[in-house]
Amino acid sequence: MFQDSQDSNANGIGELGSQQDLFDDLVAAPVPLPNLPNGHFCCEGCKCNSLLLKEIVKELKDLKKCVNTTAAAKPGRSFTCIEKTDMERPLTDYLKSRFPKNPFLADPDTELKAKLMSLKRRLAPEADYQEVLRAGVRFSTRKMVDFRSQTKNKMLSRNESADLGCKSLKDLGKALFSRFQCQDEEAVENMTVALRAFSYEKKQLKKQSGEPLEDFWTAFKGFLGDILDNQDQDKWAQLKDREIKRIERYIKYVI
Numbered sequence: 024m025f026q027d028s029q030d031s032n033a034n035g036i037g038e039l040g041s042q043q044d045l046f047d048d049l050v051a052a053p054v055p056l057p058n059l060p061n062g063h064f065c066c067e068g069c070k071c072n073s074l075l076l077k078e079i080v081k082e083l084k085d086l087k088k089c090v091n092t093t094a095a096a097k098p099g100r101s102f103t104c105i106e107k108t109d110m111e112r113p114l115t116d117y118l119k120s121r122f123p124k125n126p127f128l129a130d131p132d133t134e135l136k137a138k139l140m141s142l143k144r145r146l147a148p149e150a151d152y153q154e155v156l157r158a159g160v161r162f163s164t165r166k167m168v169d170f171r172s173q174t175k176n177k178m179l180s181r182n183e184s185a186d187l188g189c190k191s192l193k194d195l196g197k198a199l200f201s202r203f204q205c206q207d208e209e210a211v212e213n214m215t216v217a218l219r220a221f222s223y224e225k226k227q228l229k230k231q232s233g234e235p236l237e238d239f240w241t242a243f244k245g246f247l248g249d250i251l252d253n254q255d256q257d258k259w260a261q262l263k264d265r266e267i268k269r270i271e272r273y274i275k276y277v278i
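Quick note on the working numbering: the sequence shown kicks off at 24 and runs consecutively.
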């Protein structure tokens, strides 16, 4: 009986050893996946992850190359518009203070260019010089157009309570230019005189009932240019005296 027990244990150990050998064979000898370089062995998931990683690395290299090429071609931070930047408020304030002196930009406008470069150095030192200049001129041009439109609408209003032709030059200047915060009172008065004189002569005031001008500001630019080209030192005083008399007649009579 004892011998039979030993034989039985031996047979059991042998069977166990055979099972362990079979398991070891399965672990030690995985089936290689086809088409893998250099005989590497992995699961299908590792193969997919490896290919994906290679694609990501390639895209990153291409992106880095693109960024470096762009930076070399155009140094400085991209600057395409003034809106919503630190330059918007101070540039708008500058244009507001300048508008009552002359509602038109010069071509070229060296004063505006100098202002833009000053703001760039202070508020956008990393931005490209030419981009700031182009964006600043576009922004300033649009602002001046808006200012002119608002001023014309006030000047030629047909509302009974808003007939600016009846106002004194001082009150007219406040109505037209108070929001522009210009500290040069003489410049404001001169532009007020010029605008009223032009509107009166072209019969654009409410009581005059003239035909609206097709392009008010183009015509006014020529009118203002003639005044500025006049070398008479008393020209503004003469224009002012004439408009004061015209205001008196305008209030008393329907012209």
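We put the beta carbon where it would ideally sit given N, CA and C, even for glycine.
Residue i - DSSP class collapsed to helix/strand/coil
i	result
Lys138	helix
Ala150	strand
Tyr276	coil
Leu247	helix
Arg181	coil
Phe122	coil
Met214	helix
Asp194	helix
Glu237	coil
Ala94	Any reading at Ala94 must be qualified, since the residue scores a pLDDT of 41, below 50, and its modelled position is unreliable; the value itself is stated next. Ala94 falls in the helix class under three-state DSSP.
Thr103	coil
Asn253	coil
Pro113	helix
Leu56	Note on Leu56: pLDDT 49, under 50, position unreliable in the model; no value is reported.
Ala158	helix
Asp132	coil
Leu199	helix
Gln204	coil
Phe166	In the sequence as presented, Phe is not what sits at residue 166; that position holds Lys. Lys166 falls in the helix class under three-state DSSP.
Thr108	coil
Leu262	helix
Ser232	coil
Leu226	Per the sequence shown, the amino acid found at residue 226 is Lys instead of Leu. In the structure shown, Lys226 sits in coil (DSSP, three-state: anything other than H, G, I, E or B).
Arg269	helix
Phe127	coil
Proximity of residue i and residue j at Cβ, strictly below 7 Å
i	j	result
Lys119	Phe203	yes
Gly188	Lys229	yes
Phe221	Phe243	yes
Phe122	Lys175	no
Leu195	Gln227	no
Val155	Lys136	no
Own chain, CB closer than 7 Å to residue i, minus 5 neighbours either side, in chain order
i	result
Asn213	Trp259
Asp207	Lys124
Ile105	Glu111, Leu114, Ala158, Gly159, Phe162
Exposed unless 16 or more other CB atoms sit within 10 angstroms - verdict on residue i
i	result
Gln261	exposed
Ala129	exposed
Thr133	exposed
Pro235	exposed
Ser172	exposed
Val168	exposed
Leu247	buried
Pro126	buried
Lys190	buried
Sequence-distant residues of the same chain with beta carbon closer than 8 Å to residue i, five excluded per side
i	result
Asp109	Leu146, Ala147
Glu266	Leu192, Val216, Arg219, Ala220, Tyr223
Thr103	Glu154, Ala158
Ala198	Lys177, Leu187, Lys190
Contacts around residue i, its chain only, beta-carbon distance under 6 Å, and the 5 residues preceding and following it disregarded
i	result
Thr93	Confidence is the limiting factor: at Thr93 the pLDDT is only 37, short of 50, which leaves the residue's position unreliable and the question unanswerable from this model.
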